[in-house]
Amino acid sequence: MKNNYDIIIIGGGPGGLSAAIYGARAGKKTLILERLMCGGQINVIKDIQNYPGVANIDGFDLGEIMRKQAQSFGAEIIYEAVTKIDKNKVITNNGEYFAKQIIIATGARAKKLGLPNEDELVGSGVSYCATCDGAFFKDKPVAVAGGGKKTIDEAIYLSAICSKVYIIAKTIVTMQDQIKSAKNIEIITPASIVMLEGQPLKSIVLDSGKRIDISGLFVAIGTQSETALLKDSGIKVDAKGFVITDNNLMTNLKDVYAVGDVRSGSPRQIVTACAEGARVVMLSNH
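Residue numbers for the sequence shown follow numbering that gives the first Met the number 0, beginning at 0 and rising by one.
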C-alpha cells in the first residue's frame, strides 16, 4: 500500500532527521511527517559552535544539510500536522499512514517571557540555552531570568564565562553553595523583566524601573513539550508532558519510540538528539 512504511518519524528536527538518515540508508521505507519546516528549533540558532566536526554553522544551514542527506538516501518528507497516533497508525490533518516502527521526535520549546520584542532579539542577545550560547558572551555582563534550579545551574555555568551574571527572579525556590562562592553573580529578587532595549540587546528594565546594562539575556523559566498530539494515544508522559521511554528509547507501546528533546530526561542538545535518532533505528535492526 502507498501509505505503508517501515519507519514513520514524527518531527523533522535533528533527532528525526538522524533517524531518517539511518533508516533510509539501511534500505527501510522511511517517512518524516513534519508540521512546518525541517530543522526544528535549530533553525533560529544563528551560530552553532558545539556540534562535533562542524564549527560555526548557522542552524538553518545545518538543518538543510541533514534534510538533504536524509532525502539523498530515499527518505520521504511530507509536510502535514500529525493529530493522533493509534497503535501502528499515524493520523494527520490530511490522511492516514501505517508503519512497523513509529518514532516520536516532535521536540520541545522553551517557555518565553512574552515581551513584545523577545522573538526579534533571539540570536541578538536573547537565548534559551546557556550551554549553547554562553560562549558568545565571554567577559560580558548577562542576566538569567527565572527562579528554579535550571536558573541557578545556568547562572553558575555562565559565571565562569561572563564578567557579571544577574539573576532576575520573582522568587528563588532553590539555592546552591556555588552561588555564594561566585563573586560575579548577583541576585535581584523579587523582580521581573518588563522591557528589552536595543537591537542587539543592550539593557533590560525591571518592574521596579531599574535599568541594567547587559549583552545577553538567558531565559530559564521552563520548557514546554510538543506532545499535544499524543492525547488519547495511551503513550505515557511524565508530569511535565515529556515522553517516558525505557533504556532502548521505546515508549510503553510496542514499536513506538521517542528521541530528542521530547523525551523525558533528554539533555536537549543537538548532538544527543542525533545520537538517539541513530540509536533507535540501529536497535530495531537487531
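Virtual Cβ for every residue (Gly too), placed ideally from N, Cα, C.
Small disclaimer: the values here were computed from a predicted structure and weren't measured.
> Considering residue 24, what are the terminal residues of the alpha helix (DSSP H) in which it resides?
Replying inline: As a first step, residue 24 must be located in the sequence shown, where it is residue number 25. 13-24 is the extent of the alpha helix (DSSP H) around residue 24.
> So, helix, strand or coil for residue 83, using DSSP?
Replying inline: As a position in the sequence shown, residue 83 is number 84, starting the count at 1. Three-state result, residue 83: strand.
>> In whole angstroms, give me the CA-to-CA distance for residue 155 and residue 217.
In response: Position 156 of the sequence shown, counting from 1, holds the residue named residue 155. Position 218 of the sequence shown, counting from 1, holds the residue named residue 217. Approximately 12 Å, taken between the alpha carbons.
>> For residue 249 and residue 255, what's the separation of their Cα atoms in angstroms?
In response: Locating residue 249 in the sequence shown gives position 250, where the first residue counts as 1. Locating residue 255 in the sequence shown gives position 256, where the first residue counts as 1. Answer to the nearest angstrom: the Cα atoms are 6 Å apart.
> Going straight from the alpha carbon of residue 149 to that of residue 77, what length do you get?
Replying inline: Working through the sequence shown from its first residue, we reach residue 149 at position 150. Working through the sequence shown from its first residue, we reach residue 77 at position 78. Their Cα atoms are separated by approximately 36 Å.
> Whose CA, out of 195, 48, 3, 80, lies closest to the CA of residue 35?
Replying inline: By 1-based counting over the sequence shown, the position of residue 35 is 36. Ranking 195, 48, 3, 80 by Cα distance to residue 35 puts 80 first.
> Apart from the five residues just before and just after residue 114, which ones in its own chain have a Cβ nearer than 8 Å to its Cβ?
Replying inline: Position 115 of the sequence shown, counted from the first residue, corresponds to residue 114. Cβ within range, chain order: 192, 193, 194, 195.
> Can you give the beta carbon distance from residue 74 to residue 31, rounded, assuming they're within the 8 Å contact cut?
Replying inline: Position 75 of the sequence shown, counted from the start, is the residue given in the question as residue 74. Position 32 of the sequence shown, counted from the start, is the residue given in the question as residue 31. Approximately 6 Å separates the beta-carbon atoms of residue 74 and residue 31; this is inside 8 Å, confirming the contact.
>> Run through the DSSP bridge pairs and tell me what residue 163 is partnered with.
In response: Indexing the sequence shown from 1 puts residue 163 at position 164. Beta-bridge pairing links residue 163 to 140.
> CB-CB under 6 Å to residue 127, same chain, minus the five flanking residues each way: which ones, in chain order?
Replying inline: Counting from one through the sequence shown, the residue named residue 127 turns up at place 128. So the qualifying residues of the chain are 109, 218.
> In angstroms, rounded to a whole number, what distance separates the CA positions of residue 200 and residue 189?
Replying inline: Mapped onto the sequence shown, residue 200 falls at position 201. Mapped onto the sequence shown, residue 189 falls at position 190. A straight line joining the alpha-carbon of residue 200 with that of residue 189 spans about 23 Å.
>> Taking the straight line between their C-alpha atoms, what separation do you get for residue 158 and residue 169?
In response: As a position in the sequence shown, residue 158 is number 159, starting the count at 1. As a position in the sequence shown, residue 169 is number 170, starting the count at 1. Spanning the two alpha carbons is a distance of roughly 21 Å.
>> Am I right that residue 167 and residue 187 are in contact with their C-beta atoms under 8 Å? What's the rounded C-beta distance?
In response: Numbered from its first residue, the sequence shown carries residue 167 at position 168. Numbered from its first residue, the sequence shown carries residue 187 at position 188. About 5 Å separates the beta carbon of residue 167 from that of residue 187, a gap short enough to meet the 8 Å contact definition.
>> I need the straight-line Cα distance from residue 22 to residue 28, nearest angstrom please.
In response: The sequence position of residue 22 within the sequence shown is 23, counting from 1. The sequence position of residue 28 within the sequence shown is 29, counting from 1. C-alpha separation (whole angstroms): 8 Å.
> Quick one: Cα of residue 2 to Cα of residue 88, how far?
Replying inline: Here residue 2 refers to the residue found at position 3 of the sequence shown. Here residue 88 refers to the residue found at position 89 of the sequence shown. Distance between the alpha carbons of residue 2 and residue 88 is about 10 Å.
> residue 251 to residue 236, Cα distance in whole Å?
Replying inline: Translated into the one-based positions of the sequence shown, residue 251 becomes position 252. Translated into the one-based positions of the sequence shown, residue 236 becomes position 237. Near 10 Å, if we compare the C-alpha coordinates of residue 236 and residue 251.
> Ends of the alpha helix (DSSP H) at residue 269?
Replying inline: Here residue 269 corresponds to residue number 270 of the sequence shown, with the count starting at 1. Counted as a single uninterrupted DSSP element, the alpha helix (DSSP H) harbouring residue 269 occupies residues 269-283.
> Mapping DSSP to helix, strand and coil, what is residue 119?
Replying inline: The sequence position of residue 119 within the sequence shown is 120, counting from 1. Helix, per DSSP.
> Would DSSP call residue 222 helix, strand or coil?
Replying inline: The residue you call residue 222 lines up with position 223 of the sequence shown. In this structure, DSSP gives residue 222 an extended state, which the three-state scheme calls strand.
> Among 205, 239, 243, 275, which one has its Cα closest to the Cα of residue 112?
Replying inline: The residue given as residue 112 occupies position 113 in the sequence shown. Answer by Cα proximity: 205.
> Beta carbon of residue 9, beta carbon of residue 90: below 7 Å?
Replying inline: Position 10 of the sequence shown holds residue 9. Position 91 of the sequence shown holds residue 90. Going by C-beta atoms, residue 9 is not nearer than 7 Å to residue 90.
> If you count every other CB in all the chains shown that lies within 10 Å of the CB of residue 82, and 16 or more means buried, which is it?
Replying inline: Start at 1 with the first residue of the sequence shown, and residue 82 comes out as number 83. Counting Cβ neighbours within 10 Å, residue 82 comes out exposed, since fewer than 16 surround it.
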